[in-house]
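Shown next, in structure tokens, is the structure this report addresses.
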Amino acid sequence: MGSDNGRPISPHLQIYRPQITSILSITHRFTGIILSFGACLLFYWLTAASLGVEAYNTAQSILSSWIGKFVMLGVVFSVWYHLANGIRHLFWDIGVGFELTTLRFSGLIVVISSGLLTFGTYMACYILMGIN
Amino acid sequence: MDVRSMNMRSHLSRVRGLGANHIGVHHFWVQRITAIALIPLMVWFMIEALQLVNASHEAFVFWVGSDYNPVLLGLLIVFSFYHGQLGLQVIIEDYVRNEGYKITLIITIKLFALAVAICSLFSVMRLTFKVLL
Numbered sequence: 002m003g004s005d006n007g008r009p010i011s012p013h014l015q016i017y018r019p020q021i022t023s024i025l026s027i028t029h030r031f032t033g034i035i036l037s038f039g040a041c042l043l044f045y046w047l048t049a050a051s052l053g054v055e056a057y058n059t060a061q062s063i064l065s066s067w068i069g070k071f072v073m074l075g076v077v078f079s080v081w082y083h084l085a086n087g088i089r090h091l092f093w094d095i096g097v098g099f100e101l102t103t104l105r106f107s108g109l110i111v112v113i114s115s116g117l118l119t120f121g122t123y124m125a126c127y128i129l130m131g132i133n
Numbered sequence: 156m157d158v159r160s161m162n163m164r165s166h167l168s169r170v171r172g173l174g175a176n177h178i179g180v181h182h183f184w185v186q187r188i189t190a191i192a193l194i195p196l197m198v199w200f201m202i203e204a205l206q207l208v209n210a211s212h213e214a215f216v217f218w219v220g221s222d223y224n225p226v227l228l229g230l231l232i233v234f235s236f237y238h239g240q241l242g243l244q245v246i247i248e249d250y251v252r253n254e255g256y257k258i259t260l261i262i263t264i265k266l267f268a269l270a271v272a273i274c275s276l277f278s279v280m281r282l283t284f285k286v287l288l
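Residue numbers (the numbering used here), protein chains in the order written: chain A, 2 to 133; chain B, 156 to 288.
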């Protein structure tokens, strides 16, 4: 289809000045892709366990290697970010929060809450490992 | 401004009323329903999962099979894979220009998501039977 049909076109990413709204939007997509990968990790975890002790221990050692830990940090942050920003999206779907000041404020809340929840998840995890 | 007066769609497209993905608002609607369902499910899963870090095989199998965990895990798997493939479809539709690559990628993602989701459900079932039997 030609692009000269009079319809409005979206701005090109390369010449689009980064703003908190656009950065958070692209991060939402990016974390979504990471979470699709994370869902496959859930499949691997469950399937390894169903295959037996050996396969499960292999999965555990992969997940607790430094690269496994790095991937898990990405997945955990993506869970909280996508959850928080997803709730922001649901508010937009019912027509709430489109004013620029509200947009920036809700974006800031998403960044802070996903950061705190990621930190909280790791803190809770270390505390629980200390108890057990 | 009245949305209907904006000349952004072809006449045929407006008459069909099915939008850009040819199936109307179904995609949008299911993406939101699965999103809403995933909010409590993900919070539940994260709280449970952080207690399972470094869990032994025995402890992990027992967790999967006990209480209503198999049901909640099943719902989590169904909703997250459904939601995930819908999201990936949108990204592919936005960034892949070539119609052939686009369709091929979308079909691949959808079939892959379905296959991995069913395999995950099967693993949950196997683990649950280990606990119950």
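All C-beta atoms in this analysis are idealised placements derived from N, C-alpha and C, irrespective of residue type, glycine included. What you are looking at is a predicted structure, and each value in this text was computed from that prediction instead of being measured.
Item                                                                                                                                            : Value
Out of A:CYS41, A:PHE71 and A:THR22, which one is the CA nearest neighbour of PHE106 (chain A)?                                                 : A:THR22
Can you tell me which of the three DSSP states LEU52 (chain A) falls into?                                                                      : helix
So if I threshold CB-CB distances at 7 Å, which residues from the stretch 194 to 212 of chain B count as touching chain A?                      : ILE194, MET197, MET201, LEU205, GLN206, VAL208, ASN209 and HIS212
Could you check the C-alpha separation between ALA270 (chain B) and VAL216 (chain B) for me, to the nearest Å?                                  : 22 Å
In angstroms with no decimal places, state the Cα-to-Cα distance between VAL111 (chain A) and LEU104 (chain A).                                 : 11 Å
Under DSSP, the alpha helix (DSSP H) around TYR289 (chain B) begins and ends at which residues?                                                 : This structure leaves residue 289 (chain B) out entirely; chain B is present only between 156 and 288.
Closer than 7 Å to a non-hydrogen atom of the ligand MG - does that hold for the CB of SER79 (chain A)?                                         : The ligand content of the structure shown is nil, which means the ligand MG is not present either.
Any residues in the stretch 85 to 103 of chain A with a beta carbon nearer than 9 Å to a beta carbon of chain B? Which ones, in chain order?    : GLY87, ILE88, HIS90, LEU91 and ASP94
Smallest Cα separation from ILE273 (chain B): which of B:ARG252, B:PRO195, B:LEU231 and B:LYS257?                                               : B:LEU231
Taking the alpha-carbon positions, what's the GLU55 (chain A) to LEU101 (chain A) distance?                                                     : 54 Å
To which residues of the same chain is ASP222 (chain B) closer than 8 Å at the C-beta, ignoring the five residues directly before and after it? : none
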